[in-house]
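Chains as they are written, first to last, in our numbering: chain W, 1 to 196; chain B, 1 to 196.
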DNA sequence: TTTTATTAATTGAACGTTCAATTAGTTTCT
DNA sequence: AGAAACTAATTGAACGTTCAATTAATAAAA
């Protein structure tokens, strides 16, 4: 069975399996056995490629953060867009199907919980949190005075995260997510049109 | 040591110890031993009063929800207040020192994570989520048209939860919480004054 | 072209630890 | 005495890690 050059393939395979396991059982009940069974590999392989269970969990979280970053990058660098449009894209990137998925939701929640104790994860969390704010501020600055832009960026960031959280925890996330994305976009229009 | 009528005293003692243990070690690393040691009691007493560890955890979460409910009730039923003032009180109730405390933060995060798998907790979570929205809607209806009131209530609820989350996860929560409360209140004023 | 050596990939059983729950026994109050 | 409160020790299951063994691929040597 063993082929050469399996390393990147196996690592991705195990990260996908981890997301799937967390989606099904939650992080609490995710063991190296549930992960390796989903991946169709042995349990020992996790320590071999990630140094242990914790290493795999951290890699999975980094994958989550990277997905969010790439979702933005993919749409923004495509063509020249105005500030208003850019703001709407930032919102959309936070509500992609991947971010709405059960595995992603459960992993995000576990990530936040764990980040309270793990300095490594806390650092990642803060980078991610500030990135959303910075991205919003950059665009708001082109539409509002500096003071107003800062306030708007903070309020928008909170509204995005808050809606995401409330939808993720709701009983019917699909419909709620859709409406939430719309209400975030409305808020931005309100902010900009309040110049009247 | 054993005295008669200790039941309610011990139960509260154990709930407080659970909050403290979660605050120090997190739910993941909180065991019946860490809790009972903080409470100054034996580990067996947990099963005696709560049927097991899970029962105590659930009771602790219910205590958390109750604290939030009471924080509102205490201030609202005091004197007659206008709608605007009432909205500010709702916000303040979500940012009390207790809700900003590390034990409360860690327990809330763990609660949300657990509620994804535990139907009992999920039910509690939804009741709590809807209560915030209902309270906001009630007051907004006295200031805005029905459609606008619904939108404003949803946006405000998201902003409260979002700010709370972002502050809870930040590196310097004290200062951020203070500013967040202010920004939530500003948002409400903006919503109301947009009638011009 | 075989043969031999070496490396990469992978397995899965054994081990030690952790932890919740149980149980039997002790103390105090009525 | 008997009920209520509580302790401390024990049990057994679950889990992550480790590691010796195995298999396959590649490289080197003959």
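For every residue, glycine included, the Cβ atom is placed at its ideal position computed from N, Cα and C.
Would you identify the three-state DSSP class for residue i, choosing helix, strand or coil?
i	result
residue 6 of chain B	coil
residue 117 of chain B	coil
residue 142 of chain W	coil
residue 155 of chain W	helix
residue 103 of chain W	helix
residue 81 of chain B	coil
residue 11 of chain B	helix
residue 95 of chain B	coil
residue 185 of chain W	helix
residue 44 of chain B	helix
residue 27 of chain W	coil
residue 60 of chain W	helix
residue 34 of chain W	helix
residue 18 of chain W	helix
Check whether the Cβ atoms of residue i and residue j sit closer than 8 Å, and answer yes or no.
i	j	result
residue 98 of chain W	residue 75 of chain W	no
residue 167 of chain W	residue 176 of chain W	yes
residue 188 of chain B	residue 65 of chain B	no
residue 161 of chain B	residue 165 of chain W	yes
residue 21 of chain B	residue 35 of chain B	yes
residue 72 of chain W	residue 90 of chain W	yes
residue 26 of chain W	residue 117 of chain B	yes
residue 45 of chain B	residue 69 of chain B	no
residue 113 of chain B	residue 102 of chain W	no
residue 145 of chain B	residue 163 of chain B	no
residue 158 of chain W	residue 6 of chain B	no
residue 129 of chain W	residue 124 of chain B	no
Using 8 Å as the limit for Cβ to Cβ distance, is residue i near chain W?
i	result
residue 26 of chain B	yes
residue 186 of chain B	yes
residue 161 of chain B	yes
residue 126 of chain B	yes
Is it buried or exposed, residue i, if we count other Cβ atoms within 10 angstroms and call 16 or more buried?
i	result
residue 198 of chain B	Here chain B comprises residues numbered 1 to 196, so residue 198 of chain B is not present and cannot be evaluated.
residue 79 of chain B	exposed
residue 135 of chain B	buried
residue 54 of chain W	exposed
residue 115 of chain B	buried
residue 2 of chain B	At residue 2 of chain B the pLDDT is 49, less than 50, meaning the model places this residue with poor confidence; the figure from the coordinates comes in the next sentence. It is exposed - the Cβ of residue 2 of chain B has fewer than 16 other Cβ atoms within 10 Å.
Consider the Cβ of residue i: report whether some Cβ of chain B lies at a distance smaller than 8 Å.
i	result
residue 69 of chain W	no
residue 96 of chain W	no
residue 31 of chain W	no
residue 178 of chain W	no
residue 10 of chain W	no
residue 113 of chain W	yes
State yes or no: is the C-beta of residue i nearer than 7 Å to some heavy atom of the ligand FAD?
i	result
residue 81 of chain B	Looking at this structure, you won't find the ligand FAD or any other ligand, since it has none at all.
**OP:** Flag this pair as touching only if the segment 47-67 of chain W and the segment 10-30 of chain W have three or more C-beta atom pairs under 8 Å; answer yes or no.
**Re:** yes
Subject >> Touch test, the segment 140-149 of chain W against the segment 141-149 of chain B, Cβ-Cβ under 8 Å, three pairs minimum >> reply: no
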